Amino acid sequence: MRIRYEQGSSLLHRLNPLTKLIALIAYSVSIFLVNSLEAEASIFIVMLLLMVSLKSRALLSLVTSKYFVLFAALIVAVQAVFTKGGEAILSVPLIFFSIEVTTGGVYSGLIIALRFLTVIMGSALFIFTTDPNELAYALMRAGLPYRFGFMLVTAIRFMPVFEEEASTVRDAQAARGLEVDRAGLNGLFKTARYTLMPLIVSALSKVDALVISMEGRAFGRMRHRTFTRAARFSLADTLISLASIFALGALVLCHLVL
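If you read the sequence shown in this note's numbering, its first letter stands for residue 1137, the second for the next number, and so on.
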């Protein structure tokens, strides 16, 4: 199931988008600085509890997705076979070589799999609780040139429009008897010809109308832009941002010293 932003009243929803972005970056970097199975498992449990507390089917379906679990299991299996260290758990003799599974390989595989899971879970929480438009406006308030911010906002707003148009085009082509979803090179060619081309024409027409509208409003004439809503940076935002930066700095320092 696709993870999208959903309105809510939880603490994560109320935080400033910049706070969540800072926390996500610090969290993602910190995950790779921790080299302990116990610590990774603890982080995984905390993230799982956060996802459960939001009571979202989309978030829970992500954790229980078979692709999510199978990819993590594949990571453990590959690391268990190709990473040596510790005691041998299993040895499978073959014709020219033997496959040996060691405790060190399993330990390394579990750590890497938990890193993968926790990074995906943290990113999903960020997407689920952060309004993309508010994130773009927060970045512009923080100093991002509003021309780049406008590009981000426009892309976000047009994505669902193009998704709906793509579905409409596929249904129209299917009603005409065209099989545009078939596998193979022929199916790929048909998809590009009968689905992508109408979408490109539609996108160009929308861009043309958007350019005329922007020129009529003298977009880019002013160096700075104004905002209808004032930025809110609460005490919780300040504390969480400082705690994230401090925790990341401490982990980097420990990693360099030790």
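Ideal placement from N, C-alpha and C gives every residue a C-beta, glycine not left out.
Just so it is clear, the structure is predicted and the values come from calculations on it, not from any experiment.
For my contact list, residue i and residue j are in at a C-beta cut-off of 8 Å; report their separation, rounded to the angstrom.
i       : j       : result
ILE1225 : VAL1242 : 7 Å
LEU1195 : ALA1260 : 6 Å
LEU1198 : ILE1139 : 6 Å
SER1244 : GLN1215 : 5 Å
LEU1387 : SER1227 : Not a contact, Cβ separation roughly 37 Å.
THR1254 : GLU1176 : 7 Å
ILE1376 : ALA1159 : 6 Å
My output table needs one value for residue i: the three-state DSSP class, helix, strand or coil.
i       : result
LEU1226 : strand
ILE1124 : Summary: the structure shown does not reach residue 1124, with the chain confined to residues 1137 through 1394, and so no result is reported for it.
GLN1143 : coil
PRO1268 : helix
GLY1245 : helix
ARG1359 : coil
LEU1148 : helix
SER1380 : helix
PHE1369 : coil
GLY1313 : coil
THR1254 : helix
ALA1339 : helix
ALA1354 : coil
LEU1275 : helix
LEU1083 : Nothing can be reported for residue 1083, as the shown portion of the chain is limited to 1137 through 1394.
LEU1375 : helix
LEU1288 : helix
PRO1281 : coil
LEU1394 : coil
THR1364 : coil
For residue i, which residues of its own chain have a beta-carbon under 8 Å away from its beta-carbon, when the five flanking residues on both sides are left out?
i       : result
ARG1192 : Checking the sequence, you will find Ser at residue 1192 rather than Arg. Excluding sequence neighbours, SER1192 sits near GLU1142, PHE1264.
TYR1397 : There is simply no residue 1397 to check, as the chain begins at 1137 and stops at 1394 in what is shown.
THR1219 : THR1238, GLY1240, GLY1241, SER1244, GLY1245
ALA1278 : LEU1154
Taking the alpha-carbon of residue i as reference, which of the options has the nearest alpha-carbon?
i       : options                            : result
CYS1390 : VAL1170, LEU1160, ASN1152, SER1197 : VAL1170
GLY1221 : VAL1237, ALA1159, LEU1210, ILE1231 : VAL1237
LEU1346 : ALA1249, PHE1294, LYS1202          : PHE1294
LEU1190 : VAL1214, ARG1150, TYR1163, ILE1161 : ARG1150
MET1287 : ASP1307, GLU1299, GLY1356          : GLY1356
PHE1382 : LEU1148, ILE1161, SER1146, SER1145 : ILE1161
GLU1301 : GLU1351, SER1338, SER1164          : SER1338
PRO1268 : LEU1157, LEU1387, SER1145          : LEU1157
ILE1235 : THR1155, PRO1153, VAL1217          : VAL1217
ARG1251 : TYR1163, ALA1272, PHE1363          : TYR1163
ALA1274 : ARG1368, ARG1329, LEU1230          : ARG1368
ARG1329 : LEU1394, LEU1392, VAL1255, GLN1309 : GLN1309
PHE1363 : SER1178, THR1266, GLY1285          : GLY1285
LEU1148 : ALA1372, LEU1394, VAL1393          : ALA1372
For chain B, find out if any of its Cβ atoms is closer than 7 Å to the Cβ of residue i; answer yes or no.
i       : result
SER1201 : Protein chain content of the structure displayed is limited to a single chain, and chain B is not contained in it.
Give me, in chain order, the residues of the same chain whose beta-carbon lies closer than 7 Å to that of residue i; leave out the 5 immediate sequence neighbours on both sides.
i       : result
GLY1385 : none
MET1187 : LEU1195, LEU1196, VAL1199, MET1257, LEU1261
GLU1299 : none
VAL1289 : ASN1269, ALA1272
ILE1248 : ILE1211, GLN1215
Going along the chain, which residues of its own chain have a beta-carbon closer than 6 Å to the beta-carbon of residue i, five neighbours each way excluded?
i       : result
ILE1348 : none
> In the segment 1157 to 1224, which residue ranges form an unbroken alpha helix (DSSP H) of at least 4 residues, counting only runs that do not cross its ends?
Replying inline: 1173 to 1189, 1193 to 1199, 1202 to 1218
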